[in-house]
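Novice: The structure is given below, and queries will be raised subsequently.
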Amino acid sequence: MGANLVDTPTADPRRVVEDRMVARVFTPVAIGYWKGETAFQAWALTLGLGCAVLFTIGSGVAFSWWNRWFFDALEQKNAAVVGWSVLGLIGIAVIATSAEVTLVLTRETVQVWWRAWFSRLLMDKWLARQRFFHLNATDDEEATVPEYRIADDIRWATEPIMDFYIGILGATVSISSFVGILWIVGGSITLNVGDMSITVPGYMAVAGVLHAGILMALMLLVGRKLPANMAARNEAEAHFRLALMRVRENSDSVAMTHGESGERAILWRALGSLVKRWMAVVRQDGQLTWILRGNGVVLSMIPLLLATPKYLSGELSLGAVMQLVSAYLPFQTAIAWAVDNFRALSNWHASARRVAGLIQSMDDLDKDLDDPAKSSIEVMDSADGRIHVCGLTVTNREGMVLISDVDMIVLPGEKIMLTGESGTGKSALARTVAGLWPWGSGLVQLPAGATMSFVPQRAYLPLGSLRDTIRYPLERLDADDPAIGEALTRCGIGHLAPRLDDVERWDQLLSNGERQRLAFARLLLQRPTIVILDDALGALGDESQAEMMQLLRKDLREITAITVAQHGGLEQFHDRTLTLVKAPGGARFRDSTASPSSH
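Residues in the sequence shown are numbered from 12 upward in steps of one, following the numbering used here.
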């Protein structure tokens with residue numbers, strides 16, 4: 012699995028650039044923050060941010076006029092005006108600083124709240140309808156490493172948008188504010204070309220537009236592949252993190268089998284893929300830096316050179332020249348905003364597309380779940396308290412038949428064992444009875460109001476205290492500490508009873524056998540109506556398995572249990588053994604060792 016993830020290339024980079032997933036999927040969901048319950052908060056912050064931008068630009072325009080005021084007074088050696096100009100500068104500085112502080116606070120506040128809203132939305136969507144299970148079971152390429160997409164990609168897909176909003180609004184206002192200064196103060200210039208004289212009105216503004224246009228054309232030419240390369244890099248980052256996480260989560264298995272060399276090969280492939288994709292970004296960054304850095308070096312000199320002829324001819328004063336310089340820089344920067352933010356836009360697009368991919372995968376999954384041609388297993392209440400499975404056919408998401416035409420009746424409190432070769436679909440059948448597997452056809456009837464517990468081979472232990480793990484997934488457990496301690500003791504882990512309120516990484520601290528015993532302690536305390544044990548005793552020895560099964564037979568005799576096991580050995584603790592055997596068109600049951608009526 013890990014090798015497949017790291018070796019499989021991302022989608023064709025050209026597809027990443029050309030697709031419309033960001034506009035079609037990401038944008039309609041993202042703007043939901045400005046609707047519904049959060050609309051007032053979102054619009055208030057957005058408008059406040061816009062006002063802060065206007066005040067910031069207004070202080071810049073005021074500073075442009077201050078430049079003319081100050082340098083003209085300096086040129087005229089007028090000490091009184093110079094003194095007043097210094098006081099004016101202090102006023103401008105106070106306004107500019109206040110506007111900048113307001114801008115920072117408002118921007119970061121809306122970024123945090125928008126990200127939180129978006130993350131909650133996607134987490135709820137991911138957890139609803141057990142999409143997290145179905146997406147993982149079907150190995151959807153667009154939904155790989157969903158935790159990375161929710162935790163990191165949402166951040167990188169939302170935070171920059173506020174910066175873009177500030178930049179675009181600022182650019183628009185700056186252009187309209189400074190173009191008048193460049194046009195009026197700069198005036199026109201006459202160029203003599205041979206015998207011809209060409210007059211260019213507002214030549215400083217025209218020069219700024221041409222300057223930005225050339226930069227933009229160069230950036231698009233050189234950086235056209237950057238969004239695709241960043242998307243591929245982000246995908247490799249997620250796969251590399253997943254490969255490392257799998258080693259940590261399976262450290263006991265890797266260590267016991269001395270699998271370091273195999274894991275090293277997987278990690279090196281993941282790292283090699285990551286380095287390769289990073290270097291593609293690095294090379295383009297280098298190319299873009301030639302353009303951006305070169306422009307930065309000459310940017311401040313261009314307006315001086317453009318204004319020098321008119322200054323030498325006496326048409327412009329020194330104050331007017333400095334005013335033009337202070338107006339040209341923000342004007343040109345505003346026009347070339349997309350150029351300066353090309354890399355940020357590319358990185359945003361890559362992250363937004365990964366978020367959109369997860370949303371699209373969940374929407375596609377919903378279509379499959381709601382498609383009666385793919386998902387027509389009907390789950391309903393039974394009238395007699397029994398579990399009825401009638402005409403059940405189980406398929407995978409693509410429609411391939413795993414189990415065909417299964418009929419089964421399970422009595423209340425009956426203990427059933429499902430066996431069969433690997434790949435016959437035992438776990439899929441158990442998950443279908445539990446209501447987890449949606450693809451196929453047929454009818455499953457469960458006792459009305461039944462509570463169900465699923466115990467896998469590696470019992471899930473959530474973060475928190477030991478008490479939290481014991482009551483999971485219930486919000487509260489109707490058992491006092493002595494009752495919990497007794498259940499732990501009955502399951503052979505009584506030494507944990509004094510640590511009920513200790514917060515630890517219990518999934519790492521407990522051995523797999525202890526985790527399986529803890530899962531049985533949960534059953535003793537929670538007492539569900541139906542329990543499905545999917546190889547839930549594989550980490551225990553024969554004697555310990557017998558102890559746990561005796562608890563199931565005697566202390567939990569009212570619970571209906573379905574045990575999934577690849578091989579026999581536990582038949583004596585069950586009322587019936589049903590064996591799935593491979594057959595053309597899907598696995599089927601071999602005759603059971605006893606009939607339901609014999610229980």
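Think of the CB as a built atom: it goes at the ideal place given N, C-alpha and C, for glycine as much as any other residue.
These numbers come from a predicted model, not from an experiment.
1. Below 7 Å between beta carbons: does that hold for residue 165 and residue 130?
2. Is the stretch 409–428 close to the stretch 554–570, with three or more CB pairs under 8 Å?
3. Residue 611: buried (16+ other C-beta within 10 angstroms of its C-beta) or exposed?
4. Starting from residue 497, follow the beta strand (DSSP E) in both directions and report where the run begins and ends.
5. When burial is assigned at 16 or more other CB atoms within 10 Å of the CB, is residue 451 buried or exposed?
6. Can you tell me whether residue 537 is buried or exposed? The criterion is at least 16 other CB atoms within 10 Å of its CB, across all chains shown.
7. Identify, in the order they occur along the chain, each residue of the same chain with its Cβ nearer than 7 Å to the Cβ of residue 406, setting aside the five sequence neighbours on each side.
8. Please name the residue or residues paired with residue 387 in a DSSP beta bridge.
9. How close, in whole Å, do the beta carbons of residue 454 and residue 401 come, if the pair is a contact with beta carbons under 8 Å?
10. Considering only the beta carbon of each residue, do residue 444 and residue 547 sit closer than 7 Å?
11. In the structure shown, what three-state DSSP assignment does residue 432 receive?
12. Which residue wins for smallest C-alpha separation from residue 447, given the options 501, 75, 390 and 323?
13. In the DSSP assignment, what are the bridge partners of residue 475?
14. Taking a contact to mean a Cβ-Cβ separation below 7 Å, would you say residue 128 touches residue 49 in this structure?
15. Which runs of the alpha helix (DSSP H), 4 residues or longer, sit entirely within the stretch 173–224?
16. Taking only three categories from DSSP, how would you classify residue 394?
17. Measure the Cβ-Cβ separation of residue 214 and residue 225 and say whether it is below 7 Å.
18. Using beta carbons (cut-off 7 Å, strictly below), is residue 104 in contact with chain D?
19. Taking C-beta to C-beta, are residue 598 and residue 436 nearer than 7 Å?
20. Does the count of Cβ pairs from the stretch 317–324 and the stretch 184–204 closer than 8 Å reach three?
21. Just tell me which of 211, 85 and 404 has its CA closest to the CA of residue 596.
22. Quick one: grab the DSSP three-state call for residue 164.
23. Ordered along the chain, which non-local residues of its own chain (more than five positions away) have a Cβ less than 8 Å from that of residue 54?
24. Using the three-state DSSP reduction, which class does residue 528 fall into: helix, strand or coil?
25. In whole angstroms, what is the alpha-carbon distance linking residue 108 and residue 115?
26. Buried or exposed for residue 295, please, with buried defined as at least 16 other CB atoms from any protein chain shown within 10 angstroms of its CB.
27. Grouping DSSP H, G and I as helix and E and B as strand, with all else coil, what is residue 581?
28. Is it right to say residue 343 is buried, meaning 16 or more other beta carbons lie within 10 angstroms of its own, or is it exposed?
29. Who does residue 241 pair with in a DSSP beta bridge?
30. Would you report the Cα separation of residue 96 and residue 102, rounded to the nearest angstrom?
31. Helix, strand or coil: which one does DSSP assign to residue 404?
32. Can you have a look at residue 513 and say buried or exposed, based on whether 16 or more other CB atoms are within 10 angstroms of its CB?
33. By the three-class DSSP mapping on this structure, what secondary structure does residue 595 have?
34. Just mark residue 266 as buried or exposed, buried being the case when its beta carbon has 16 or more other beta carbons within 10 Å.
35. Below 8 Å on the Cβ atoms is my contact criterion, and I expect residue 624 with residue 104 to pass it. Report the Cβ-Cβ distance as a whole number of Å.
36. Would you report the Cα separation of residue 307 and residue 375, rounded to the nearest angstrom?
Specialist: Reading off the structure:
1. yes
2. yes
3. Given that the chain is displayed from residue 12 to residue 610, the structure contains no residue 611 and the question cannot be resolved.
4. Here residue 497 belongs to no beta strand (DSSP E); instead the alpha helix (DSSP H) covers 492–501.
5. buried
6. buried
7. 412, 413, 450 and 451
8. 452
9. 4 Å
10. no
11. Here residue 432 sits in coil by DSSP.
12. 390
13. 515
14. Yes; because the gap between Cβ atoms is below 7 Å, this pair is in contact.
15. none
16. coil
17. no
18. Considering every chain present, this structure includes no chain D. It has just one protein chain.
19. yes
20. yes
21. For residue 596, the nearest C-alpha among the options comes from 404.
22. Helix, per DSSP.
23. Setting aside the 5 residues that flank it on each side, residue 54 is surrounded in the same chain by 45, each with a C-beta closer than 8 Å to its C-beta; the list follows chain order.
24. helix
25. 11 Å
26. Classified as buried, residue 295 has 16 or more neighbouring CB atoms from the shown chains inside 10 Å of its CB.
27. In this structure, residue 581 counts as coil in the three-state DSSP scheme.
28. By the neighbour-count rule (16 or more Cβ atoms within 10 Å), residue 343 is buried.
29. BP columns for residue 241 are empty, so no partner.
30. Answer to the nearest angstrom: the Cα atoms are 10 Å apart.
31. Correct three-state label for residue 404: strand.
32. With fewer than 16 other beta carbons inside 10 angstroms of its own, residue 513 counts as exposed.
33. coil
34. exposed
35. This structure gives no information on residue 624, because the portion of the chain shown stretches from 12 to 610.
36. 47 Å
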